[in-house]
Structure formats: structure tokens, C-alpha cells
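Student: The numbering of the sequence shown is the numbering used here, which starts it at 1 and goes up by one.
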Amino acid sequence: MYDLEYPAPVVHGDQSDSPVPLIVALQGYADAGQAVVNVGTHLLQALDNQLVASFNLDQLVDYRSRRPGVTLDHNSIVDSDRMSLNLHVLKDDSGQPFLLLAGPEPDLKWEAFSDSVVQLARRLNVHRVVSLYSAPMTVPHTRPLIVSAHASDPALLQDFATWDSRMIIPGAASLETELKLARSGVETVGLTAHVPHYIAANDYPEATVKLLQAVSSTIDREFPLSALEGDQSRVQQQLENQMEDSPEIAQVVQALEGQYDAEVERRRRRRENNLLQPGEEIPTGDELGAEFEAFLADVADKDTEPGDD
């Protein structure tokens with residue numbers, strides 16, 4: 001399923017057995033604005049990295065569903081695009097190591113692939129895995145981009161938007177891997193950037209920036225963002241110019257702004273009215289009854305203390 005590099009690169013920091021985080025950025029499942037693939041590309045281009053393991057794509061990819069480009073030069077075939085699904089070790093801006101699994105999402109053998117990732121995580125002492133997604137949403141580009149999260153531990157969700165309901169979504173190799181990692185005892189976090197649906201087919205650097213910022217806070221690593229932030233400003237200006245040139249586009253964006261602001265207000269009120277702490281659940285009737293009985297017993301003990309009349 002995969003080949004390990006030999007000699008193996010140093011994966012951990014000063015202590016050889018120290019835990020290391022893993023970022024999973026698989027292209028193809030949910031990647032609106034190309035945010036996920038651009039996270040992987042940016043990190044590999046901007047930071048020192050070494051190959052740790054390479055997956056055998058002949059076992060994992062249906063080339064008929066994502067045919068690689070082939071270059072014809074006049075009458076000869078001279079080149080073919082090469083896809084790769086690799087695990088790298090990188091060092092952030094402060095020299096701290098982390099792992100990155102990036103490449104096309106497998107079409108085949110999800111069970112075997114996810115088992116292999118779990119095996120690698122155990123071998124490399126991975127303590128937390130962050131999987132990245134980017135979904136088209138009915139949100140405007142004129143409001144802050146939201147990153148929502150799901151996790152194996154509710155304590156990891158305190159800084160993110162979360163889903164209020166139970167839902168069934170299409171499966172993915174990365175979701176299957178998350179499930180198996182969590183069951184094996186590894187902390188898992190899934191981060192989803194909410195990209196305006198009318199931009200989903202184009203590169204949207206803001207989604208890449210927001211995902212990287214969210215990852216940074218989740219695994220305590222520092223990433224270079226200045227180049228991406230420059231691209232973000234350029235794209236935002238292009239969108240503003242299009243709104244000025246098209247009243248129809250501006251009207252649609254204004255309607256989305258109204259929906260966005262109403263939802264933000266609804267969530268604010270819900271958060272302020274909720275007396276429970278993050279991760280706490282409403283107690284059951286039996287639990288409330290037990291607490292009340294304990295309270296009454298405590299009151300009775302105080303009423304019968306020695307020295308009382």
C-alpha cells in the first residue's frame with residue numbers, strides 16, 4: 001500500500017519519542033475554492049520538508065475518473081502529469097515538526113488505505129490528526145469566512161462553529177480514516193471552510209488562509225501566510241470590482257449578507273442563553289432527582305448538627 005523512505009527522516013523534535021501532529025489534505029472530496037489542495041501545495045513550497053512514505057496510486061486511483069494530462073509536442077508524446085499521495089515531515093516557522101499527508105483522495109480500497117494511515121500514525125507516534133475540507137455554502141464573500149469543526153473530543157471544538165443537528169453526509173476516504181483513527185485512540189479534528197458557492201469553482205485564497213489559521217491554533221504550529229494574504233487581497237478586490245459593474249451580482253450578495261447576519265445573531269443569542277459549558281449535556285431526570293436528594297440530605301444534616309436547639 002505504501003513505501004517508507006530509507007534512511008528514514010527525523011520526524012520528531014528534540015525528543016525522539018515526542019508526539020507529532022498530522023495534517024490530512026486529500027484533494028477531490030470537498031475542496032471548494034481549491035482550498036485543501038492549496039494548503040498542501042503552499043506548505044510543501046514554503047517549508048522545509050522530507051518524504052516519509054509514498055502510497056501506491058495504482059492500487060488507489062481510478063485513472064479513468066481523473067485522467068492525468070498528457071503533453072503532445074507536434075507528433076510526439078513528451079510528458080505526462082504525475083499524481084502522488086505522499087506523507088512528508090515538515091518544520092514550521094519555529095522549527096517544530098509536523099506531518100502532512102497530501103494528494104488525491106483514493107477512489108479505491110478505502111478500508112486498506114485508512115488502515116495504513118492508522119498504522120503510520122501509530123508507528124510515528126501521532127497524537128492528533130487534523131483533516132481538511134472546504135464546502136460551497138450560501139454565504140457572501142463580504143463577511144468573515146467561517147471554519148466549522150467536528151472532533152473526537154468536544155473540548156477541541158471550543159474555538160470553532162459547530163453543527164447543531166445530526167446529519168448524514170456522503171462518505172470519503174478522509175472521513176473513514178478519521179473514524180478509524182479516533183477508534184484507535186488518536187485525537188481527530190475535521191475543519192471545513194465555508195466558501196461562497198458562487199466562487200467555489202475558482203481559487204479562493206481566503207479559504208486557504210482561514211484553514212491554515214485554524215490548523216495553526218489546533219496543533220500549535222506557525223505557518224507563513226504573507227504570500228497567501230496578498231493573493232486574498234487581490235481576489236477580494238476583483239470581487240468588489242465585479243459587484244460595482246453588476247447590480248445583479250450586488251443584489252444577490254446583499255441578500256446573502258442578510259441571511260448571514262441573521263444566522264450570526266441567532267447563534268449569538270443561543271450562546272448567551274445557554275447556561276451549559278462547552279461539551280456539557282443537559283442532565284437527565286434521574287440525575288436531577290439524585291442531585292435534589294443529595295441537597296435535601298445535606299440540609300437535614302445541617303439542621304441536626306450538635307449544639308443546635
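Quick reminder that beta carbons are idealized off the backbone N, C-alpha and C, glycines included.
1) Give me the Cα-Cα distance between Ala53 and Pro7, rounded to the nearest whole angstrom.
2) Sorted by chain position, which residues of the same chain lie with C-beta nearer than 6 Å to Leu26's C-beta, five sequence neighbours on each side aside?
3) What does the alpha-carbon distance come out to for the pair Arg66 and Asp107?
4) Using only CA atoms, which one of Thr192, Gln251, His12 lies nearest to Val24?
5) Comparing alpha-carbon positions, which option in Met83, Ala102, Leu72 lies nearest Val37?
6) Using the Cβ count rule (16 or more neighbours within 10 Å means buried), how would you classify His74?
7) Please confirm if the stretch 179-186 is in contact with the stretch 218-226, defined as three or more CB-CB distances below 8 Å between the two stretches.
8) Could you give the DSSP three-state label for Thr208: helix, strand or coil?
9) Taking the alpha helix (DSSP H) that Ser84 belongs to, which residues open and close that run?
10) So is Ala155 buried or exposed if we call it buried at 16+ other beta carbons inside 10 Å?
11) According to DSSP, which residues form a beta bridge with Ala149?
12) Cα separation between Thr162 and Pro9?
13) Since Ser80 and Pro68 should fall inside the 8 Å C-beta cutoff, what is the C-beta to C-beta distance between them, to a whole number of angstroms?
14) Could you compute how far the alpha carbon of Pro136 sits from the alpha carbon of Gly171?
15) Residues in the same chain with beta-carbon distance under 7 Å from Asp231, minus the five sequence neighbours each way, listed in chain order, please.
16) Between which two residues does the beta strand (DSSP E) containing Gly103 stretch?
17) If we count the other Cβ atoms within 10 Å of its Cβ and call it buried at 16 or more, is Arg128 buried or exposed?
18) Can you tell me the Cβ-Cβ gap for Pro21 and Phe98, rounded? I've got them flagged as a contact below 8 Å.
19) Could you pull the DSSP bridge partners for Met137 from this structure?
20) Decide if the stretch 32-49 is in contact with the stretch 111-130; the criterion is three or more beta carbon pairs, one per stretch, under 8 Å apart.
21) Would you please state the rounded distance, in angstroms, between the beta carbons of Ala200 and Gly28? I believe it to be under 8 Å.
22) Would you decide whether Ile77 is buried or exposed? Buried here means 16 or more other CB atoms lie within 10 Å of its CB.
23) Taking DSSP's pairing of strands, which residues face Lys91 in a bridge?
24) My understanding is that Ala35 touches Leu211, with C-beta atoms under 8 Å, so please give their C-beta distance in whole angstroms.
25) With Asp153 and Ser217 assumed to form a contact (beta carbons below 8 Å), what rounded beta-carbon distance in angstroms separates them?
26) Provide the residue span of the beta strand (DSSP E) that contains Leu51, from first to last.
27) Taking Cβ to Cβ, would you say Val61 is nearer than 8 Å to Val130?
28) For the beta strand (DSSP E) containing Gln27, name the first residue and the last one.
29) Taking 8 Å as the cut-off, decide whether the C-beta atoms of Thr138 and Gln259 are in contact.
Tutor: So, to answer that:
1) 11 Å
2) Closer than 6 Å at Cβ, skipping near neighbours: Glu105, Ser174.
3) 10 Å
4) Thr192
5) Ranking Met83, Ala102, Leu72 by Cα distance to Val37 puts Ala102 first.
6) Exposed, by the Cβ-count rule.
7) no
8) helix
9) Segment: none, Ser84 is in no alpha helix (DSSP H) and carries neither H nor E.
10) exposed
11) Leu191
12) 37 Å
13) 6 Å
14) So the two alpha carbons sit approximately 17 Å from each other.
15) Excluding positions up to five away in sequence, the list reads Pro205.
16) 97-104
17) Flag for Arg128 reads buried.
18) 5 Å
19) Pro196
20) no
21) Contact doesn't hold; Cβ gap of about 14 Å is too wide.
22) Ile77 is exposed by the Cβ-count criterion.
23) Pro97
24) 6 Å
25) In this structure Asp153 is not in contact with Ser217, their Cβ atoms being roughly 15 Å apart against a cut-off of 8 Å.
26) Here the beta strand (DSSP E) through Leu51 covers 49-55.
27) Contact flag unset, no.
28) 20-27
29) yes
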